[in-house]
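Residue numbers (my numbering): 1327 to 1627.
Quick reminder that beta carbons are idealized off the backbone N, C-alpha and C, glycines included.
Source: prediction; values computed, not measured.
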Amino acid sequence: MYHDFNYEATLESSLRAQWQLDEVLRDDQSLDFTRNMMPESLARAALLDQLNPFEQRTLNQISAHQYLSIFGIVEEFILPFLLDHARPHLLGDDWRVRAILNFASEEAKHIHLFKRFHTAFVRDFPVECRVIGPSEDIGAEVLKHDPLAVGLVILMIEWMTQQHYLGSIRDDGDLDPLFKSLMRHHWMEEAQHAKLDTLIVDALAEGRSEAEIDKAIDEFFEIGAFLDAGLKQQAEFNLDALEKAIGRKLENRDEILDQQHQAARWTYIGSGMVHERFVASLKAMSPAAAGRMAEAAPMFA
Ligand SMILES: [Fe+2]
Ligand SMILES: [Fe+2]
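The structure is reproduced here in structure tokens:
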């Protein structure tokens, strides 16, 4: 076995690590717009020397708005996926039922938390930032695929949040403490989700032939391409908001668009795709699947 995760131990650590919304952000708290919010390893705004420091920070904050919105969207399809996966086995292993329902409940709490941050953001940010969607349509498109493909996308997302937290503690750029705390609290609970999703993916892959797994990987890439197109559209919206906020048109907008789209690819796809635990799940399922993933990964770096 390539891991020692089990439902009982994971539920126990989940219950120990749990936090309440008000510990992360109360309704009366405000974000600090004099600072960056996203780790620069993800936002990559400071690399754009066409922008002055104020403009770079504004773009970093727009990238934080994107983070709240994209996580809102993905958590909204994770929730029904978990409920669908739990329902056929409600009379089975008690630890499993409780662990998966607790996982679902934590994701519902995360949706709530991301919304709360979003409210605080739009309250104080000077211009409107558009978001792709509606999230129900994005969720419906993702969820129409093979559950193994969806499970793999979710597993990739769970592991990537571990990477994001590490980015936020390594960032020496004086990040807004509330945003840093968001990353830390999300990381704490997502660490357990990643273990549970590993078990879910193992169960969904069990008994499948190599050809069936290969087909699921095709669908994984279909979902990936769909999300990637959304990220590109979102990068356009982000630059619209940036131009409004800084009061000028960007001269080399296409160049900045490509760079920011690539930053989003790394944040929301690549950083999970290369995570060693995600790769380990793929290898255990099929070395050929792991090979296909490794081949695609540089596109999302
Ligand atoms: Fe979450
Ligand atoms: Fe999660």
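Contact check, residue i vs residue j, beta carbons under 8 Å
i     : j     : result
L1501 : N1362 : yes
V1527 : G1465 : no
F1547 : A1622 : yes
D1350 : H1511 : It should be noted that the sequence gives Val, not Asp, for residue 1350. Yes; because the gap between Cβ atoms is below 8 Å, this pair is in contact.
L1525 : F1407 : no
D1419 : Y1491 : no
I1539 : S1612 : yes
I1404 : E1381 : no
S1356 : D1450 : yes
S1395 : H1444 : yes
I1437 : E1467 : no
A1369 : A1589 : yes
R1603 : F1626 : no
I1582 : L1374 : yes
A1335 : C1455 : no
D1472 : A1542 : yes
Closer than 7 Å: residue i CB and nearest ligand 3 heavy atom
i     : result
H1436 : No copy of ligand 3 appears in this structure; the ligands present are ligand 1 and ligand 2.
Buried or exposed by the 16-neighbour rule on C-beta atoms within 10 Å, applied to residue i
i     : result
G1328 : Checking the sequence, you will find Tyr at residue 1328 rather than Gly. Counting Cβ neighbours within 10 Å, Y1328 comes out exposed, since fewer than 16 surround it.
L1557 : buried
L1508 : buried
Q1560 : buried
K1570 : exposed
V1448 : exposed
H1519 : buried
F1552 : exposed
Q1376 : exposed
E1515 : buried
L1417 : exposed
A1530 : With the sequence shown as reference, residue 1530 is identified as Leu, and Ala is not the correct amino acid for it. Label assigned to L1530: buried.
K1521 : buried
For residue j and residue i, the rounded distance between their alpha carbons
i     : j     : result
T1384 : A1475 : 36 Å
M1364 : R1352 : 20 Å
G1550 : Y1393 : 17 Å
F1359 : A1620 : 38 Å
L1347 : L1439 : 6 Å
N1428 : P1379 : 43 Å
R1669 : R1413 : Absent from the structure is residue 1669, since the part of the chain shown begins at 1327 and ends at 1627.
S1597 : Q1387 : 20 Å
I1426 : A1555 : 31 Å
K1441 : V1457 : 13 Å
D1497 : S1367 : 8 Å
L1337 : L1565 : 42 Å
S1339 : F1563 : 39 Å
V1600 : R1574 : 38 Å
H1415 : L1409 : 11 Å
D1463 : F1397 : 15 Å
M1482 : E1536 : 21 Å
Y1594 : H1587 : 10 Å
Q1585 : A1517 : 30 Å
E1545 : D1354 : 43 Å
I1572 : A1446 : 21 Å
H1411 : Q1489 : 26 Å
K1609 : R1618 : 11 Å
P1503 : T1487 : 17 Å
Coil, strand or helix - residue i by DSSP
i     : result
T1524 : helix
T1360 : coil
W1421 : helix
D1566 : helix
H1438 : helix
N1386 : helix
L1501 : coil
P1406 : helix
I1458 : coil
Y1328 : coil
P1379 : helix
K1470 : coil
K1575 : coil
L1427 : helix
V1605 : helix
S1507 : helix
W1592 : helix
S1612 : coil
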